[in-house]
Structures are given as structure tokens and as C-alpha cells.
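Visitor: Per the numbering used here, numbering of the sequence shown is gapless, rising by one per residue and ending at 552. Quick reminder that beta carbons are idealized off the backbone N, C-alpha and C, glycines included. Quick caveat, the model's predicted, so the values are computed rather than measured.
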Amino acid sequence: MILDILSANLTTVLIFVIAFLLVWRTLRRPAGNLPPGPWPLPIFGNLLSLGGADSRKSLEALREKYGDVYTLYIGKHPSVYVHGYENVKEVLVTRGDDFVDRPQSLKLVQEAEGKGILFTSGKVWQEQRRFSIQALKDFGFGKHDLQVKIQEEVEVLVNRISDLQGQPFDLHDLIHISVSNVICSVVFGTRFEHDDNEFKTYVDMLDENFRLTETAILGLLIPFSYLLPGDLFHMKRLEENKHILKSFITNLIQAHKESFDPNNRRDFIDAYMREARERQQHDPETTLSEDQLGAVISDLFAAGTESTSTVIRWAALLMLKYPDVQGRVRREIDSVVGGRLPSLADRQHLPFTEATMMEVLRYTDIAMAGHATVRDLTFHGYNIPKGTTVMPCFHCALHDRNYWKHPDIFNPDRFLDDWGHFRKPESFIPFSAGRRVCLGESLARMELYLFFSAILQRFELRLPDGAGEPDLTPVIGITRMPKRFEMIAKLRH
Ligand code: HEM
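Right, dumping it as C-alpha cells:
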């Protein structure tokens with residue numbers, strides 16, 4: 060009797076589930092003919108197809124199965140993934156105008172509320188980006204003035220490391236503060252001491268948010284996940300951090316307002332406030348405003364700190380993994396620079412050092428960025444509606460076998476020509492390309508070179524006794540970060 064009831068109920072449940080999936084299947088059929096891809100599950104879409112910690116392998120497997128262009132559903136939203144350098148270039152450069160927007164379905168984009176640079180589209184994005192590039196140039200981007208600011212931070216960092224007297228340490232916090240200070244000098248006109256606990260808290264929160272965002276996005280896909288106990292998906296923690304970081308920036312803007320002098324532009328904030336006031340008098344449509352300023356600063360602070368410090372930590376880890384490369388870099392610096400700090404003028408004479416840093420960028424390919432179509436369009440024979448997310452796969456461009464020999468091997472020599480000169484292959488696009496190319500590329504390149512070369516010049520990096528092999532498995536957040544690790548920095552002469 061009980062078995063009869065159970066089996067009747069099971070049959071009902073089964074019929075219900077099949078009916079639900081059929082309805083779902085019909086509903087999920089996209090309006091146009093999007094590229095093929097695995098069948099999306101209710102609620103989660105194809106999240107499971109993205110695999111575990113490292114989605115790169117899963118994406119490669121999907122490419123094998125569906126070709127260079129395929130669709131994955133993130134929750135209920137379709138994302139078109141584009142592989143292969145030529146195709147990525149088509150999205151970013153050749154047809155860049157068609158794919159220049161940010162996807163509205165992205166939680167980070169919704170939260171930005173149409174403010175700032177990173178997550179905006181259209182007129183707001185254009186005006187904020189254009190003004191920021193100009194103002195940052197005025198304050199030293201790409202110029203040698205900025206070298207002085209970076210070298211000041213390099214000097215502080217190497218002294219802090221040398222104070223540790225060869226004790227094992229984690230580079231994470233030190234490099235985070237140093238790199239963050241560079242962007243603070245340009246944007247806020249101020250730097251913070253490494254012992255400033257308040258500033259350290261802000262930088263830690265930023266770092267935490269980069270790590271937690273992925274989990275929080277997963278939480279958003281699960282109905283009523285916010286009711287689960289213990290902030291399982293870190294959504295509350297993320298919100299709290301954002302709130303505190305916002306007030307840090309609001310206070311800095313307020314302090315600038317109180318001492319504002321239109322004839323004395325001390326930093327980016329002053330330049331923005333002056334320009335916004337001038338434009339508002341002549342152009343009622345302008346998007347420059349104090350409200351936008353906070354979001355722009357927050358974007359520069361976040362993007363300017365996290366990615367650069369992440370790449371420098373990867374560089375240190377790879378130097379531990381490949382001591383022969385570390386030795387070659389050091390010998391080159393010793394022979395060209397001698398005992399003083401390496402400068403930008405030395406860079407062209409340090410091809411192997413430059414090649415090693417670029418190989419770190421290529422090999423670790425830390426970034427991924429979502430674009431969106433600005434109109435209904437056809438791409439590789441598929442109809443893609445306006446506003447669809449398109450993911451140009453930087454990883455595939457940086458590891459494309461048609462362009463890179465043995466791409467999964469760490470080999471700085473690939474950036475040198477037959478005469479030992481540095482050369483940059485066309486498909487090297489760690490900062491993206493086209494209209495949305497990273498706004499801080501020139502600053503980041505300077506920082507990577509100056510920090511990396513100074514650290515290797517001053518110290519020999521080693522693993523602590525019994526530490527085992529360096530673990531290159533990434534931690535996936537907004538960027539691909541190395542796991543926390545300790546090393547010993549032995550001071551050289
Ligand atoms: C090694 C360091 C860095 C890497 C690998 C990197 C990489 C990237 C990538 C891949 C994008 C996405 C571009 C796209 O959507 O196609 C981006 C955007 C951006 N980056 Fe960087 N970046 C780095 C450092 C910096 C720095 C130091 C700044 C500071 C100013 C910065 C500011 C930005 C901004 C504001 C955007 C948004 C551009 C836009 O949406 O128009 N980045 N970056």
C-alpha cells in the first residue's frame with residue numbers, strides 16, 4: 060500500500076519535472092539563432108559547465124565541442140563566448156563599435172547604476188573615460204614624472220622587505236599597499252604609510268571584494284539565498300565592504316571640496332571638479348558630476364590596485380618556481396644597471412627582464428571582461444540581439460596555439476627575437492584591445508617593470524625550508540589570483 064502511494068507520488072513528481080523541463084526548454088530557446096552550446100538547466104543555466112576552480116579548461120573543452128563561438132547561459136542570461144585570437148580581435152577591434160557596451164545582466168553593472176567607467180555604456184562611459192584619460196595624462200600617466208612616484212613606493216617596499224631580514228613572509232599585503240599608493244598619489248594627491256591601519260583596512264576590503272564577488276554572484280542565482288544562515292554566499296559582507304569603501308572615497312572628495320581652488324589643480328579630483336563645474340555652465344547634457352566622480356575614483360582605485368598587485372605576486376611565485384629564469388633576470392639587471400634602482404631609461408637595455416614580466420602577464424592571464432552588443436547584429440552567421448553578453452576570451456588569445464608555440468609552458472624567450480631584442484607578438488592582449496582597452500595599461504606596465512626589477516635586483520627569492528613546490532592553482536575571483544604563499548627574500552649586496 061505504502062509502496063503504491065510512494066510510486067504514484069514519484070510518478071507525479073517525475074511527470075512534473077519532465078513537464079517543467081520541457082516548458083523551460085521551450086522558454087529558453089532564444090529569440091534569434093544564438094550560437095550553439097550545452098543545454099541550460101533551470102535557474103543555474105550552464106554554470107555547471109564552467110567547471111570548478113579553473114574555468115579555462117572547461118571553456119577549452121566547450122570550444123572543442125561547439126567551435127570558436129558558442130553560447131552559455133549564466134542563470135537565465137545568454138553569454139556568447141568567443142575563442143581564437145582572430146575572432147577576439149574581431150569583437151574588440153575590427154567590429155569594436157558593435158561590441159563596446161557592458162552587459163546589463165551583469166550584477167556588477169546593475170550595481171554601478173550607470174556611474175563610473177568600468178561598468179557603464181553609452182554617453183556616460185564615453186565622457187567619463189575620455190575625461191579620465193586626459194586628466195590622468197596631465198598627472199603623469201605615460202610620463203617620466205610618474206616614475207618618481209613609483210620609485211618612491213619601490214624604495215619603501217624594498218626597505219620593508221629588507222627589514223624582515225630573511226624571515227619568511229607573504230608579499231600580498233606589502234605589494235597591495237605599495238601599488239595602491241601609486242594610484243592614490245595620482246588620484247587623491249596623497250599616499251599612506253604601510254603602518255596606517257585604517258588605510259590597510261580599506262585595501263584589505265577591496266581585495267576581499269575581488270575574491271568574494273564570484274561566490275556572491277552564485278548566491279544571486281539561487282532563489283531566497285539571502286535567507287540562508289551565516290552569509291553563505293558572502294553577499295552581506297560584500298555590501299558592508301562596499302559601503303565602507305564608498306564612505307572612504309566620499310570623505311576624500313569632501314576634503315577636496317573644502318580646500319578647492321580652481322586655479323590650483325593638485326590631483327585628479329581637483330581636475331575633475333573644475334572640469335565638471337565648467338562644463339555644467341555650458342552643457343546641460345554633460346555627465347560630469349560630483350556623483351559620477353565618486354564612482355570614477357572607485358573604479359580607478361579598484362582596477363588600479365588589484366590587477367597590478369596580483370600580477371606582481373604571480374611574478375614572485377613564478378620566480379620561485381623557475382629559479383633559472385630568476386637568475387637570468389638578475390644577471391641582466393646586474394650587468395646593465397649595477398647597484399642603483401632600475402629606471403625606465405634602463406628598460407630598453409633589459410630585454411630579458413621585460414620579456415619575463417610580459418610572459419608572466421601572458422601565462423597567468425588574470426583578467427576576463429564582459430562586453431555586450433550595442434544593436435541586433437549578425438556574427439559568424441548567428442543573429443545576436445542587442446544587449447547580449449559577449450565574452451572575448453583573452454585566455455584563448457594569450458594561449459592560442461596558432462600564435463604561441465607550446466602556450467602552456469612558461470617561457471620568457473618567446474618574447475625575444477633571434478638577436479635577443481624584445482618583441483611583442485600581435486596576439487599579446489592582456490590589457491584587452493580596441494575602444495575598451497585597459498585605461499591604466501601604461502601605468503601598469505611601468506609599475507610591473509619598476510617593482511619587479513627592483514625586487515629581483517635587491518633580493519634573491521627562495522622558498523622557505525620544507526615549503527614544497529610552488530602551487531600555481533589560481534584563486535578565482537574577479538581576477539585570477541595566486542593562492543597566498545610565503546617566501547624568503549635574501550638581501551643581496
Ligand atoms: C597588470 C595590470 C592590469 C591588467 C592586466 C588590466 C587589464 C584590464 C582588462 C583586461 C580590462 C578590460 C578591457 C575590456 O573590457 O575589454 C581592463 C579595464 C580597465 N582597467 Fe585595467 N588592467 C590593469 C591595470 C590597471 C590599472 C593600473 C588601472 C588604473 C588606472 C586600470 C584601469 C582600468 C579601467 C578604468 C578599465 C575599464 C575600461 C573601460 O571599461 O573602458 N587597469 N583592464
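Between the C-alpha atoms of L195 and T448, what's the straight-line distance to the nearest angstrom?
Guide: Going from the Cα of L195 to the Cα of T448 covers about 30 angstroms.
Visitor: Name the DSSP bridge partner or partners of A548?
Guide: According to DSSP, which records beta bridges pairwise, A548 is partnered with L520.
Visitor: What's the C-alpha gap between Y125 and H454?
Guide: Cα to Cα, Y125 sits roughly 17 angstroms from H454.
Visitor: Determine the contact status of D560 and F544, defining contact as a CB-CB distance below 8 angstroms.
Guide: The structure shown does not extend to residue 560, since the chain is modelled only from 60 through 552, so no value can be given for it.
Visitor: For the ligand HEM, is there any heavy atom lying closer than 7 angstroms to the beta carbon of T412?
Guide: The answer is no for T412.
Visitor: Using the three-state DSSP reduction, which class does G104 fall into: helix, strand or coil?
Guide: If DSSP states are grouped into helix, strand and coil, G104 belongs with the strands.
Visitor: Grab the span of the beta strand (DSSP E) containing I356 for me, first residue to last.
Guide: Per DSSP, I356 belongs to no beta strand (DSSP E); it is in the alpha helix (DSSP H), E349 to K380.
Visitor: For the beta strand (DSSP E) containing L165, name the first residue and the last one.
Guide: Premise fails: L165 is in no beta strand (DSSP E) and is neither H nor E.
Visitor: With 16 other CB atoms within 10 Å as the buried threshold, where does R389 fall?
Guide: The residue is buried, with at least 16 neighbouring Cβ atoms inside 10 Å.
Visitor: If you draw a straight line from the C-alpha of L311 to the C-alpha of V215, how long is it?
Guide: Spanning the two alpha carbons is a distance of roughly 24 angstroms.
Visitor: Rounded to a whole number of angstroms, what is the C-alpha to C-alpha distance between Q206 and N256?
Guide: Going from the Cα of Q206 to the Cα of N256 covers about 26 angstroms.
Visitor: Under a three-way DSSP split, which group does T85 fall into?
Guide: Because T85 sits at a pLDDT of 49, beneath the cut-off of 50, its placement in the model cannot be relied upon, and the following sentence gives the value as read from the coordinates. Helix, per DSSP.
Visitor: Smallest Cα separation from N470: which of L522, L502 and F411?
Guide: N470 has its Cα closest to that of F411, out of L522, L502 and F411.
Visitor: Compare the C-alpha of W184 against each of G398, T369 and I176 and name the closest.
Guide: Per the Cα distances, I176.
Visitor: Is the distance from the Cβ of V262 to the Cβ of T364 below 8 angstroms?
Guide: Contact flag set, yes.
Visitor: With N218 as the anchor, note down where its alpha helix (DSSP H) starts and where it stops.
Guide: Where N218 is concerned, the enclosing alpha helix (DSSP H) stretches over D204 to D222.
Visitor: Can you say whether G527 is buried or exposed, counting buried as having 16 or more other CB atoms within 10 angstroms of its CB?
Guide: The residue in question, G527, is exposed, as its Cβ has fewer than 16 Cβ neighbours within 10 Å.
Visitor: Compute the beta-carbon to beta-carbon distance between G155 and K135, rounded to the nearest angstrom, for a pair I have assumed lies under 8 angstroms.
Guide: Not really, about 28 angstroms apart at Cβ, beyond 8 angstroms.
Visitor: Checking 8 angstroms against the spacing of the C-beta atoms, do L498 and S191 come in under that value?
Guide: Yes, the Cβ-Cβ distance between L498 and S191 is below 8 angstroms.
Visitor: Kindly list the residues whose CB is nearer than 7 angstroms to the CB of L507, restricted to its own chain and excluding five residues on each side of it in sequence; keep chain order.
Guide: So the qualifying residues of the chain are T367, V370, I371 and M416.
Visitor: Taking 8 angstroms as the threshold, find out whether the stretch 420 to 430 comes into contact with the stretch 532 to 549 through three or more Cβ pairs.
Guide: Segments in contact, yes.
Visitor: Look up R460 in the DSSP assignment and say whether it is helix, strand or coil.
Guide: Coil.
Visitor: Which residue comes first and which comes last in the alpha helix (DSSP H) that contains F327?
Guide: Counting along the chain, the alpha helix (DSSP H) containing F327 begins and ends at F327 to H341.
Visitor: Using the three-state DSSP reduction, which class does R495 fall into: helix, strand or coil?
Guide: R495 falls in the helix class under three-state DSSP.
Visitor: To the nearest angstrom, report how far apart M60 and L100 are at their CA atoms.
Guide: Confidence at M60 is low in this model, with a pLDDT of 49, below 50, so its placement is unreliable and no value can be given for it.
Visitor: Under three-state DSSP, which class holds M540?
Guide: M540: strand per DSSP, three-state reduction.
Visitor: Does the beta-carbon distance from H480 to D467 come in below 8 angstroms?
Guide: Cβ distance not < 8 angstroms, so H480 and D467 don't count as in contact.
Visitor: Whole-angstrom Cβ separation of N300 and N268, contact assumed at under 8 angstroms?
Guide: With 8 angstroms as the limit, N300 and N268 qualify as a contact, their Cβ atoms being about 5 angstroms apart.
Visitor: Which residues bound the alpha helix (DSSP H) around T432?
Guide: T432 -> no alpha helix (DSSP H), and no H or E assigned at all.
Visitor: Check whether the Cβ of D358 lies closer than 7 angstroms to any heavy atom of the ligand HEM, and answer yes or no.
Guide: It does: the Cβ of D358 is within 7 angstroms (strictly closer) of some heavy atom of the ligand HEM.
Visitor: From R250 to H235, what does the alpha carbon distance come to, in whole angstroms?
Guide: Going by the C-alpha atoms only, they are around 13 angstroms apart.
Visitor: For the beta strand (DSSP E) containing L131, list its first residue and its last residue.
Guide: Segment V128 to I133, the beta strand (DSSP E) holding L131.
Visitor: Can you tell me whether R460 is buried or exposed? The criterion is at least 16 other CB atoms within 10 Å of its CB, across all chains shown.
Guide: Exposed, by the Cβ-count rule.
Visitor: Starting from I535, trace the beta strand (DSSP E) in both directions and tell me its first and last residue.
Guide: Residues P533 to I535.
Visitor: For V152, which of R494, Q516, L502 and L522 has the nearest alpha-carbon?
Guide: Per the Cα distances, R494.
Visitor: Are the CB atoms of D350 and K464 nearer to each other than 8 angstroms?
Guide: Contact flag unset, no.
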